[in-house]
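Just so we're aligned: 2 in the UniProt record's numbering is position 2 of the sequence shown, and the numbers increase by one with no gaps anywhere. A short worksheet on the structure shown next.
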Amino acid sequence: MNKKKTILIAVAAIIAAGGSLWLTGGSKPRHKVVYTTATVEKGEISESVTATGTIEPVTEVEVGTQVSGIIDKIYVDYNSVVTRGQLIAEMDRVTLQSELASQRAAYNGAKAEYEYQKKLYQTYVQILYAAESVKVNEATLEVSQAECERARQLLQAGSIARSDLAQLEAQVSTDRYQLVTAQATLQDYKLQLKQLLELDGEAEMNLYLPDLGTENVLAPLPAKADIYRAALALRPEIEAGKLNVETSDLDIRIARAGYLPTLSLTAGIGTSHANGSDFSFSEQVKQNWNNSLGVTLSVPIFSNRQNKSAVEKAKLRKQTSELDLMDEQKTLYKTIETLWLDANSAQQRYAAATEKLRSTQASYDLIQEQFNLGMKNTVELLTEKNNLLGAQQETLQAKYMAILNRQLLRFYQGEEIEL
Numbered sequence: 001m002n003k004k005k006t007i008l009i010a011v012a013a014i015i016a017a018g019g020s021l022w023l024t025g026g027s028k029p030r031h032k033v034v035y036t037t038a039t040v041e042k043g044e045i046s047e048s049v050t051a052t053g054t055i056e057p058v059t060e061v062e063v064g065t066q067v068s069g070i071i072d073k074i075y076v077d078y079n080s081v082v083t084r085g086q087l088i089a090e091m092d093r094v095t096l097q098s099e100l101a102s103q104r105a106a107y108n109g110a111k112a113e114y115e116y117q118k119k120l121y122q123t124y125v126q127i128l129y130a131a132e133s134v135k136v137n138e139a140t141l142e143v144s145q146a147e148c149e150r151a152r153q154l155l156q157a158g159s160i161a162r163s164d165l166a167q168l169e170a171q172v173s174t175d176r177y178q179l180v181t182a183q184a185t186l187q188d189y190k191l192q193l194k195q196l197l198e199l200d201g202e203a204e205m206n207l208y209l210p211d212l213g214t215e216n217v218l219a220p221l222p223a224k225a226d227i228y229r230a231a232l233a234l235r236p237e238i239e240a241g242k243l244n245v246e247t248s249d250l251d252i253r254i255a256r257a258g259y260l261p262t263l264s265l266t267a268g269i270g271t272s273h274a275n276g277s278d279f280s281f282s283e284q285v286k287q288n289w290n291n292s293l294g295v296t297l298s299v300p301i302f303s304n305r306q307n308k309s310a311v312e313k314a315k316l317r318k319q320t321s322e323l324d325l326m327d328e329q330k331t332l333y334k335t336i337e338t339l340w341l342d343a344n345s346a347q348q349r350y351a352a353a354t355e356k357l358r359s360t361q362a363s364y365d366l367i368q369e370q371f372n373l374g375m376k377n378t379v380e381l382l383t384e385k386n387n388l389l390g391a392q393q394e395t396l397q398a399k400y401m402a403i404l405n406r407q408l409l410r411f412y413q414g415e416e417i418e419l
């Protein structure tokens with residue numbers, strides 16, 4: 001009986017152990033779950049949305065300046081509405097005026113260079129004229145010497161008087177003097193050219209002396225209107241005048257800026273902390289944080305007429321600049337018109353002088369032949385010779401005046417001078 005009871009108790013113990021093992025999931029131990037409880041309180045539910053992107057306008061306009069420099073004042077802000085001609089910024093006057101002064105100096109330098117080139121060409125043409133004048137005087141002296149020698153033969157033959165020979169000998173001396181004068185004039189012009197080129201006065205100068213014929217002298221002249229139109233776009237004195245007018249416009253805008261109100265915006269942020277406080281540094285910074293914002297608007301009401309006077313003075317300067325520009329334009333047109341008229345007149349005089357020289361040469365040749373035969377006296381010969389020399393000088397003057405003025409017209413037109 002006792003044995004049965006013992007077996008039943010053992011079976012019951014095994015069953016109980018198996019059930020416990022099944023409930024605990026085998027031999028693996030399970031962690032203890034810890035719970036935290038909180039009191040339910042009423043609050044607000046906030047919802048935030050974060051997004052990134054770029055906002056672009058439908059129409060975008062770039063605003064710039066024609067002159068670079070440092071901006072001194074700005075009269076507009078972001079999203080400001082501006083109109084054409086409105087002053088939106090004021091540049092530093094000192095820097096801007098320095099740049100304008102530099103541009104004026106550049107124009108003045110260009111004008112000086114133009115005048116230098118013009119002077120070079122004028123001197124070169126004068127050398128050409130003087131060189132040909134020397135040739136004419138050399139030929140004249142040779143003819144006078146030949147006539148004097150022929151007069152000696154006629155004197156020995158008793159065909160002329162001693163006084164006739166003396167007149168011819170005096171003419172030889174006169175022609176020799178004229179030749180020396182022409183040679184001195186040529187050397188003087190060469191010296192002037194050396195000085196312009198900054199060459200040593202003792203240095204030898206061999207110049208190219210072209211043979212200029214009738215086609216060079218009587219070449220067609222360009223139209224005055226075309227020359228003037230080209231010169232307006234090229235001449236530095238005109239560009240300098242335009243710059244002065246633009247500067248005056250800028251001065252007026254700057255002067256008018258004195259009437260505009262000035263808006264100043266100030267802002268600041270700050271905090272404070274103290275040692276020995278029960279609050280930590282971060283708590284003090286957070287609690288003592290402060291912001292400040294200030295706007296100052298200055299409206300010019302009474303400025304003792306300073307702004308008005310500044311605007312009036314700027315307008316007067318603009319009027320003066322415009323008058324100066326008009327004066328430069330008129331002077332330029334007058335110069336071109338004078339050159340054109342001189343060139344045209346010189347061409348006509350050259351054509352007439354050429355015909356006169358041809359007839360005078362023929363008349364002199366006839367008188368000389370008659371003198372050699374004893375049919376004409378010395379006075380008639382010398383008179384005709386002086387007429388010939390005068391015709392030669394007139395032809396030379398008209399020739400080189402026509403060449404000089406025509407080439408100067410090309411110079412004002414911006415073309416290269418060619419001979």
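Glycine residues also receive a C-beta, built at the ideal position from the N, C-alpha and C atoms.
Give the straight-line distance between the Cα atoms of residue i and residue j, rounded to the nearest whole angstrom.
| i | j | result |
| --- | --- | --- |
| residue 415 | residue 137 | 35 Å |
| residue 159 | residue 384 | 20 Å |
| residue 154 | residue 129 | 37 Å |
| residue 381 | residue 367 | 6 Å |
| residue 218 | residue 411 | 18 Å |
| residue 321 | residue 358 | 55 Å |
| residue 413 | residue 116 | 16 Å |
| residue 206 | residue 224 | 36 Å |
| residue 126 | residue 193 | 10 Å |
| residue 107 | residue 215 | 37 Å |
| residue 197 | residue 124 | 12 Å |
| residue 112 | residue 104 | 12 Å |
| residue 179 | residue 191 | 18 Å |
| residue 309 | residue 102 | 28 Å |
| residue 204 | residue 248 | 52 Å |
| residue 404 | residue 226 | 19 Å |
| residue 307 | residue 318 | 17 Å |
| residue 461 | residue 161 | Only positions 1 to 419 of the chain appear in this structure, which leaves residue 461 out of reach. |
| residue 152 | residue 163 | 11 Å |
| residue 423 | residue 327 | Past the edges of the chain, shown from 1 to 419, lies residue 423, and the structure says nothing about it. |
| residue 333 | residue 172 | 48 Å |
Between the Cα of residue i and those of the options, spot the shortest distance and give me the residue it belongs to.
| i | options | result |
| --- | --- | --- |
| residue 114 | 221, 236, 250 | 236 |
| residue 399 | 39, 346, 306 | 346 |
| residue 174 | 215, 141, 325 | 141 |
| residue 391 | 361, 336, 374, 417 | 361 |
| residue 119 | 195, 152, 161 | 195 |
| residue 157 | 144, 356, 374, 122 | 374 |
| residue 339 | 228, 177, 124 | 228 |
| residue 323 | 147, 242, 204, 135 | 242 |
| residue 100 | 176, 246, 183, 401 | 246 |
| residue 184 | 133, 326, 104 | 133 |
| residue 239 | 110, 387, 417 | 110 |
| residue 135 | 409, 401, 389 | 389 |
| residue 139 | 121, 200, 176 | 176 |
| residue 329 | 172, 250, 122, 230 | 230 |
To which residues of the same chain is residue i closer than 7 Å at the C-beta, ignoring the five residues directly before and after it?
| i | result |
| --- | --- |
| residue 37 | none |
| residue 150 | 372 |
| residue 370 | 376 |
| residue 131 | 186, 209 |
| residue 315 | 252 |
Answer with buried or exposed for residue i, where buried requires no fewer than 16 other C-beta atoms within 10 angstroms of its C-beta.
| i | result |
| --- | --- |
| residue 244 | buried |
| residue 331 | exposed |
| residue 189 | buried |
| residue 406 | buried |
| residue 312 | exposed |
| residue 364 | buried |
| residue 21 | Legend: pLDDT at residue 21 = 47, less than 50; position of this residue unreliable, no value from coordinates given. |
| residue 27 | Only weak support exists for where residue 27 lies, its pLDDT of 48 falling under 50; the value from the coordinates is given anyway. It is exposed - the Cβ of residue 27 has fewer than 16 other Cβ atoms within 10 Å. |
| residue 144 | buried |
| residue 74 | exposed |
| residue 170 | exposed |
| residue 233 | exposed |
| residue 199 | exposed |
For residue i, which residues from the same chain have a beta carbon less than 8 Å from its beta carbon, with the 5 sequence-adjacent residues on both sides left out?
| i | result |
| --- | --- |
| residue 379 | 167 |
| residue 342 | 401, 405 |
| residue 409 | 221, 222, 227, 336, 339, 340, 343 |
| residue 325 | 238, 241, 242, 244, 245 |
Sorted by chain position, which residues of the same chain lie with C-beta nearer than 6 Å to residue i's C-beta, five sequence neighbours on each side aside?
| i | result |
| --- | --- |
| residue 356 | 391 |
| residue 387 | 360 |
| residue 147 | 168 |
| residue 165 | 151, 155 |
- Query: Is it true that the stretch 346-366 meets the stretch 392-403, where meeting means three or more beta-carbon pairs spaced less than 8 Å apart?
  - Reply: Yes, the stretch 346-366 touches the stretch 392-403.
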